[in-house]
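A.B. asks: Below you'll find the structure I mean.
There are 2 protein chains.
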Amino acid sequence: MADGPTINTIAERAGVSIASVSRVLNGLPTRQETVRKVMAAADELGYVRNAVARSLKSRRTHQVAFAMADVGNPAYLAMLRQIQPVLKAAGYRLVLHSTDAVVADEIDVLHSLGERYVDGLIMSPLRVTEAHLEMLAAARAPVVIIGSVPDGTRVDNVRADSRTGVRLAVDHLYSLGRRRIAMVNGPLDTVPGASRGDAYREALRDLGLPYDEDLVQIGDFYRAEGGRAVAELLARVPDVDALLCANDLIALGALDVLRAAGRRVPDDVAVVGMDDTDLAAASWPSLTSVSLGSAERGKAAAELLLERLQGGDREPRLITVPPRLVVRASTAGAAAAGYEGASRARTDSTKEEA
Amino acid sequence: MADGPTINTIAERAGVSIASVSRVLNGLPTRQETVRKVMAAADELGYVRNAVARSLKSRRTHQVAFAMADVGNPAYLAMLRQIQPVLKAAGYRLVLHSTDAVVADEIDVLHSLGERYVDGLIMSPLRVTEAHLEMLAAARAPVVIIGSVPDGTRVDNVRADSRTGVRLAVDHLYSLGRRRIAMVNGPLDTVPGASRGDAYREALRDLGLPYDEDLVQIGDFYRAEGGRAVAELLARVPDVDALLCANDLIALGALDVLRAAGRRVPDDVAVVGMDDTDLAAASWPSLTSVSLGSAERGKAAAELLLERLQGGDREPRLITVPPRLVVRASTAGAAAAGYEGASRARTDSTKEEA
DNA sequence: CCAAACACCGTAAACGTTTACAGAGCCTTG
DNA sequence: CAAGGCTCTGTAAACGTTTACGGTGTTTGG
Chain A
1 MADGPTINTI AERAGVSIAS VSRVLNGLPT RQETVRKVMA AADELGYVRN
51 AVARSLKSRR THQVAFAMAD VGNPAYLAML RQIQPVLKAA GYRLVLHSTD
101 AVVADEIDVL HSLGERYVDG LIMSPLRVTE AHLEMLAAAR APVVIIGSVP
151 DGTRVDNVRA DSRTGVRLAV DHLYSLGRRR IAMVNGPLDT VPGASRGDAY
201 REALRDLGLP YDEDLVQIGD FYRAEGGRAV AELLARVPDV DALLCANDLI
251 ALGALDVLRA AGRRVPDDVA VVGMDDTDLA AASWPSLTSV SLGSAERGKA
301 AAELLLERLQ GGDREPRLIT VPPRLVVRAS TAGAAAAGYE GASRARTDST
351 KEEA
Chain B
1 MADGPTINTI AERAGVSIAS VSRVLNGLPT RQETVRKVMA AADELGYVRN
51 AVARSLKSRR THQVAFAMAD VGNPAYLAML RQIQPVLKAA GYRLVLHSTD
101 AVVADEIDVL HSLGERYVDG LIMSPLRVTE AHLEMLAAAR APVVIIGSVP
151 DGTRVDNVRA DSRTGVRLAV DHLYSLGRRR IAMVNGPLDT VPGASRGDAY
201 REALRDLGLP YDEDLVQIGD FYRAEGGRAV AELLARVPDV DALLCANDLI
251 ALGALDVLRA AGRRVPDDVA VVGMDDTDLA AASWPSLTSV SLGSAERGKA
301 AAELLLERLQ GGDREPRLIT VPPRLVVRAS TAGAAAAGYE GASRARTDST
351 KEEA
């Protein structure tokens with residue numbers, strides 16, 4: 001299997017030096033005759049420049065990594081969908097890392113930045129540990145974090161405002177007359193888990209509702225897990241009339257279990273998800289969900305990173321994307337569903353901001 | 001900003017040659033004392049090997065590309081979800097290309113293989129043109145194609161059997177008593193569009209049903225497009241009693257439009273999708289869909305590629321993944337839905353099958 | 001007609017590794 | 001004690017580019 005042609009091969013065939021070949025290929029000023037010879041030789045040989053050698057010399061790989069917990073989670077997918085075209089347009093390739101939310105894997109990704117196989121990194125960690133912060137401080141390439149990071153961390157940061165998001169959801173349920181509003185959350189040691197849990201408590205307090213520990217159920221951010229959590233919850237507090245789920249997958253699990261248990265949604269139990277993924281619009285019944293702006297966050301993160309890659313230094317920036325409540329059938333019944341279904345437009349009842 | 005340490009820095013500090021450093025770092029036999037000195041120096045300096053330089057020398061990037069039409073399409077996502085862990089386990093990074101089904105972009109990806117920034121490529125083209133085949137024949141790195149490719153093409157190939165898949169769907173609808181079975185297809189110049197269209201015709205013939213051109217509607221593989229196509233179809237042939245949609249997105253569009261038109265699903269019109277994506281299980285009503293084994297195809301493709309990357313040469317292989325009909329409410333009514341809803345909760349959760 | 005200016009080109013070094021080769025030191029053995 | 005063999009290490013070349021620098025040949029101007 002003959003090795004591919006290099007600029008040496010071309011130089012030989014065209015009877016010029018490799019420097020001239022390189023100049024021609026990079027469009028630097030060169031005599032017409034030389035250009036012609038080099039181009040001809042390159043064409044005949046089917047030359048393609050070697051990206052690795054180029055990167056070694058130029059210290060740029062034109063690759064950017066995106067690291068997230070789980071490729072299967074539609075919220076990350078929404079980010080990915082926005083990140084991809086932005087990077088592509090700027091001439092960057094996308095390297096995808098799925099860390100399964102394992103801290104060691106995330107640290108690994110940060111560490112591997114030192115290998116310089118990418119020019120920058122967008123990361124959306126579920127947990128942010130001391131180790132994360134240390135690695136971030138020492139990172140050898142620009143990093144943008146999607147998700148909250150302690151104040152003062154010197155890193156570009158794009159956040160959702162899940163606090164306000166939770167409040168939108170709880171207010172909505174309250175305004176529908178629900179008073180036994182349960183929360184089905186993910187692990188409390190994750191960033192979203194913690195903040196959504198806190199926000200739930202606050203929102204109840206502000207509405208003058210009592211905080212009842214029995215109404216809080218911790219599971220994991222997956223459908224099956226969500227279902228299990230809801231089953232436990234129903235057994236413990238049968239009179240629950242609304243479920244606030246920490247993401248759409250949990251909410252889908254909730255719908256599965258409620259259906260199996262013969263509870264009508266939303267008549268008996270109203271359900272709200274978070275993230276407003278495609279699944280929410282497609283589910284049965286369609287799911288009221290708090291959009292935390294995954295797509296916007298992805299786009300913003302990609303743009304921040306590009307800015308830093310292209311521009312020079314600047315202070316780290318923090319961008320917060322506002323949430324939006326999208327009302328569908330799982331809280332508002334068939335009326336909302338019909339509208340949603342027919343128009344496919346977003347019935348976003350964005351309320352007053354917090 | 002000081003440049004990171006290289007093996008030269010380490011060699012200097014440890015008082016040995018760069019060859020020794022390299023040997024230590026790669027675990028080649030070396031005197032204990034030297035190992036100690038090198039390791040100490042590397043630790044103190046926080047050395048991380050440079051992946052680019054390594055690749056240049058070793059001619060291996062430990063990267064693999066996956067090119068597909070659209071990150072947003074859940075069928076590709078299912079593939080991605082399987083491909084990712086297989087590659088990761090083997091120590092490969094994943095470079096993601098989204099080609100928007102633009103032929104020029106796909107050719108570009110094939111061409112860029114010559115740049116040697118990846119060791120191999122998994123590609124799932126919507127169309128396979130002459131240009132594709134030429135580039136494939138000349139490809140400078142192993143390629144696995146997901147999707148059908150002309151017989152005799154010398155390339156590893158993983159296919160769905162959409163022919164049998166379509167037949168399963170048509171037979172199912174027929175057995176439910178439907179006789180005006182329409183097909184809502186994507187463009188006929190795409191590989192899946194063409195084969196699903198053909199298969200539909202054949203299946204009708206084998207059942208002794210007439211082929212009625214009015215019952216075929218061409219749109220595109222997206223939800224909104226699918227909806228438009230179905231609207232036209234309904235206007236033209238109001239007595240249609242079943243829709244076979246060429247993918248789940250089209251089917252979701254169909255559900256939207258049927259609902260808006262006041263047709264009951266499945267009582268008035270039964271709907272079948274293809275690809276059995278997560279959306280099918282979550283939709284309203286849940287969608288009967290033909291699984292074409294996206295996940296299995298992704299896994300098989302990744303394994304084929306790894307085999308070729310690690311092992312030596314071998315004849316190109318062809319793997320065909322059998323389809324499966326997953327019956328849900330959109331054809332079988334509420335009974336199936338209840339059953340499905342409860343049971344899918346287990347199988348669909350993203351985590352456990354990985 | 002000579003010098004200076006200019007346009008173009010080739011030589012060589014550099015990017016950070018891996019690795020073939022040979023040299024140095026030491027041990028064994030006849 | 002000399003020779004051969006071992007083990008370990010250093011030198012240098014190579015991977016395929018880009019680019020600083022200096023050299024050559026031509027043009028231009030005085």
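Chains as they are written, first to last, in this note's numbering: chain A, 1 to 354; chain B, 1 to 354. No residue lacks a Cβ here, since even glycine has one placed at the ideal position from N, Cα and C.
(1) Exposed or buried, ARG344 (chain B), counting other C-beta atoms within 10 Å across all chains shown (16 or more means buried)?
(2) Taking 8 Å as the CB-CB limit, is GLY27 (chain B) close to chain A?
(3) Rounded C-beta distance between THR153 (chain A) and LEU136 (chain A)? I'm assuming under 8 Å.
(4) Should GLU352 (chain B) be flagged as near chain A, meaning a C-beta pair shorter than 8 Å?
(5) Taking all protein chains shown into account, do 16 or more other C-beta atoms lie within 10 angstroms of the C-beta of THR288 (chain A), making it buried, or fewer, making it exposed?
(6) Listed in chain order, which residues of the stretch 72-84 of chain A have Cβ atoms closer than 7 Å to some Cβ of chain B?
(7) Give me the DSSP bridge partner(s) of MET68 (chain B).
(8) Given a cut-off of 8 Å, decide if TYR47 (chain B) and VAL52 (chain A) are closer than it, judged by their beta-carbon atoms.
(9) In terms of DSSP beta bridges, what is SER289 (chain B) paired with?
(10) Tell me the rounded alpha-carbon separation between PRO29 (chain A) and ASN73 (chain B).
(11) Please identify, using Cβ separations under 7 Å, the residues of the stretch 271-295 of chain A that lie next to chain B, in order along the chain.
(12) Is the distance from the Cβ of PRO142 (chain B) to the Cβ of LEU305 (chain B) below 8 Å?
(13) Looking at chain A, is there any beta carbon in it that lies within less than 8 Å of the beta carbon of ARG116 (chain B)?
(14) Would you mind sorting GLN63 (chain B) into buried or exposed? The rule is 16 or more other CB atoms within 10 Å of its CB.
(15) Between ARG13 (chain A) and chain B, is there a C-beta pair that is closer than 8 Å?
(16) Taking 6 Å as the limit between beta carbons, can you name the residues of its chain near VAL216 (chain A), skipping five residues before and five after?
(17) Please report the distance separating the alpha-carbon of VAL16 (chain A) from that of THR6 (chain A).
(18) Can you give the beta carbon distance from ALA251 (chain A) to GLY227 (chain A), rounded, assuming they're within the 8 Å contact cut?
(19) Helix, strand or coil for VAL321 (chain A)? Go by DSSP, reduced to three states.
(20) Which chain B residues sit within Cβ distance under 7 Å of GLY4 (chain A)?
(21) Whose Cβ in chain B lies nearer than 9 Å to the Cβ of ASN50 (chain A)?
(22) Verify the CB distance criterion: does SER362 (chain B) have a CB-CB separation below 8 Å to chain A?
(23) Alpha carbon to alpha carbon, what distance is there between ASP108 (chain B) and ARG31 (chain A)?
(24) So which residues on chain A does LEU252 (chain B) lean against when the C-beta distance must stay under 8 Å?
(25) Run through DSSP, which three-state label would LEU126 (chain A) get?
(26) Could you check if ARG127 (chain A) is buried or exposed, using at least 16 other CB atoms within 10 Å of its CB as the buried criterion?
(27) Out of B:ALA260, B:VAL269, B:GLY293, B:PRO285, which has the shortest C-alpha to C-alpha gap to ASP275 (chain B)?
(28) Bridge partners of ILE83 (chain A), per DSSP?
(29) Output, in chain order, the set of chain B residues within a Cβ distance shorter than 7 Å of VAL143 (chain A).
(30) Mind reading off the beta-carbon distance from SER124 (chain A) to GLY147 (chain A)? Whole number of angstroms is fine, and I expect it under 8 Å.
(31) When DSSP labels each residue in this structure, what does ASP214 (chain A) get in the three-state scheme?
(32) Pick out whichever of A:GLY219, A:ASP119, A:GLY114, A:TRP284 has its Cα sitting closest to the Cα of ARG259 (chain A).
C.D. replies: This is what the structure holds:
(1) Caution is warranted here: a pLDDT of 36 is assigned to ARG344 (chain B), below 50, making its placement in the model unreliable, and the coordinate value is therefore given only provisionally. Classification for ARG344 (chain B): buried.
(2) Contact of GLY27 (chain B) with chain A is not assigned, every C-beta pair being separated by 8 Å or more.
(3) Taking 8 Å as the upper bound for CB-CB distance, THR153 (chain A) and LEU136 (chain A) are in contact here, some 7 Å apart.
(4) Here the model assigns GLU352 (chain B) a pLDDT of 31, short of 50, so the residue's position is not dependable, and the following value carries that caveat. So yes, GLU352 (chain B) belongs to the interface.
(5) So THR288 (chain A) counts as buried.
(6) Considering only beta carbons, the part of the stretch 72-84 of chain A lying closer than 7 Å to chain B consists of GLY72, ASN73, LEU77, LEU80, ARG81, GLN84, in chain order.
(7) According to DSSP, which records beta bridges pairwise, MET68 (chain B) is partnered with B:SER98.
(8) Going by C-beta atoms, VAL52 (chain A) is not nearer than 8 Å to TYR47 (chain B).
(9) Residue pairing for SER289 (chain B): DSSP places it in a beta bridge opposite B:GLY273, B:VAL326.
(10) Each residue's alpha carbon lies about 46 Å from the other.
(11) If the cut-off is 7 Å between Cβ atoms, the stretch 271-295 of chain A has ASP278, LEU279, ALA282, SER283, TRP284, PRO285, SER286 near chain B.
(12) Note that the C-beta distance between PRO142 (chain B) and LEU305 (chain B) is below 8 Å.
(13) Yes, ARG116 (chain B) lies at the interface with chain A (some Cβ there is under 8 Å from its Cβ).
(14) Residue burial annotation: GLN63 (chain B) is buried, with at least 16 other C-beta atoms found within 10 angstroms of its C-beta.
(15) The beta-carbon of ARG13 (chain A) is placed no less than 8 Å from the nearest beta-carbon of chain B.
(16) The answer, listed in chain order, is MET183.
(17) Annotation: VAL16 (chain A) to THR6 (chain A) spans about 13 Å, alpha carbon to alpha carbon.
(18) Between the beta-carbon of ALA251 (chain A) and that of GLY227 (chain A) there is about 10 Å, and that puts the pair past the 8 Å contact cut.
(19) For VAL321 (chain A), the three-state secondary structure derived from DSSP is strand.
(20) Here the neighbours are GLY114, ARG140.
(21) Per Cβ cutoff of 9 Å: LEU56, GLY114, GLU115, ARG116, TYR117.
(22) Summary: the structure shown does not reach residue 362 (chain B), with chain B confined to residues 1 through 354, and so no result is reported for it.
(23) Those two C-alpha atoms are separated by around 30 Å.
(24) Simply ALA282.
(25) LEU126 (chain A): coil per DSSP, three-state reduction.
(26) Buried is the call here.
(27) Here the closest residue by C-alpha is B:GLY293.
(28) Answer by DSSP bridge pairing: none, since ILE83 (chain A) is not bridged.
(29) Correct list: empty, because the minimum Cβ distance to chain B is about 15 Å.
(30) Confirmed, Cβ separation roughly 5 Å.
(31) In this structure, ASP214 (chain A) counts as helix in the three-state DSSP scheme.
(32) In this structure, A:TRP284 is the residue among A:GLY219, A:ASP119, A:GLY114, A:TRP284 with its C-alpha nearest to the C-alpha of ARG259 (chain A).
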